[in-house]
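Novice:
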Amino acid sequence: MHEERHPAERRAAQRDFQRICGVNAVRALFLRRPEQVLALNYVEARRPVAGPLCRYLARHRRPYDEVSPDRLARLAGTEHHGGIMALATLRRAEPLPTPPPPVLFAGRVLPVLDGIGNPHNFGAIARTAAFFGARAMLLSGDARQADLSDAAFRTSEGALEHLAVFRVEDLATTLRRLSGQFLAVAAVARGGVPPEAIPRSKPIALVLGNEESGPLPGTVEACGAHVTLQGSDLVESLNVAAATAVLLHTLRS
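Start counting the sequence shown at 8; every next residue gets the next number (the working numbering).
#1: If I follow the unbroken alpha helix (DSSP H) through residue 257, where does it start and stop?
#2: What residue does the alpha helix (DSSP H) around residue 127 start on, and which one ends it?
#3: Determine the contact status of residue 159 and residue 129, defining contact as a CB-CB distance below 8 Å.
#4: I need the straight-line Cα distance from residue 72 to residue 184, nearest angstrom please.
#5: Between the alpha carbons of residue 262 and residue 90, how many angstroms are there, rounded?
#6: Would you identify the three-state DSSP class for residue 216, choosing helix, strand or coil?
#7: Tell me, to the nearest whole angstrom, how far the beta carbon of residue 237 is from that of residue 210; I am working on the premise that it is less than 8 Å.
#8: By alpha-carbon positions, which one of 62, 171, 190, 193 ends up nearest to residue 99?
#9: For the region 154-169 and the region 210-224, state whether three or more C-beta atom pairs, one from each stretch, are separated by less than 8 Å.
#10: Can you tell me which of the three DSSP states residue 180 falls into?
#11: So, with DSSP's three-state summary, where would you put residue 96?
#12: Who does residue 157 pair with in a DSSP beta bridge?
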């Protein structure tokens, strides 16, 4: 006799979903795209959070279940689930349409990721970007570049639900095409100007690259300015997510 599989386990075999973990991430999911929530699991301690969400799911005849912490860890694929997990329709970065949508220009600084493969860095950058007023993110077609994932959603603490995420195959060409609307600024380890010296005459597309090598050379060449954070020289550079926080805070003013 086979044990009846939980809805989350049945869907896991299909991989047509993402696992959104943590109170802030799940709340943001229900706020921004409740129609894409497929199921909800939570532990007893999260009943106050889960209650209203369960009532919504009950009205729409979607499953929810209170489970043990061990069961939730197995369903979530991580022990860092924050006591609550929703299954949601798979979401990926969308191809940037032509002409670009207004949301791309809605924030003072647009984060542009070129080859950042660590989903935790991706999620942390998204969290910082939303905190400082970004409305969108742009991803390059670099094969190393991470896309939206369980880990990115979890680390972003709900921020990715508030950001439009687009991808372009040829980032250098795209930056040149948008040069009339953005000043593209490449964050580089050395040779750039301090952030205070970057012109503020138009919105900034802040290009952030792989931690080992930075943005691709062709991408850097397509940028109208280069920015470098000066430190103590005791370490070579900041983690890309930490550097992003400093740059967004400085460049948004």
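We put the beta carbon where it would ideally sit given N, CA and C, even for glycine.
Specialist: Reading off the structure:
#1: Element bounds for residue 257: 247-258.
#2: 126-138 is the extent of the alpha helix (DSSP H) around residue 127.
#3: Less than 8 Å separates the beta-carbon of residue 159 from that of residue 129.
#4: C-alpha separation (whole angstroms): 49 Å.
#5: Here the chain has residues from 8 to 260 only, and residue 262 is not among them.
#6: Of the three classes helix, strand and coil, the one that applies to residue 216 here is strand, per DSSP.
#7: In fact, because the Cβ distance is near 24 Å, the residues do not count as touching under 8 Å.
#8: For the residues 62, 171, 190, 193, the minimum Cα distance to residue 99 belongs to 171.
#9: Segments in contact, no.
#10: Residue 180 carries a helical assignment under DSSP once its states are collapsed to helix, strand and coil.
#11: DSSP places residue 96 in strand when its eight states are reduced to three.
#12: Its beta-bridge partners do not exist; DSSP assigns none.
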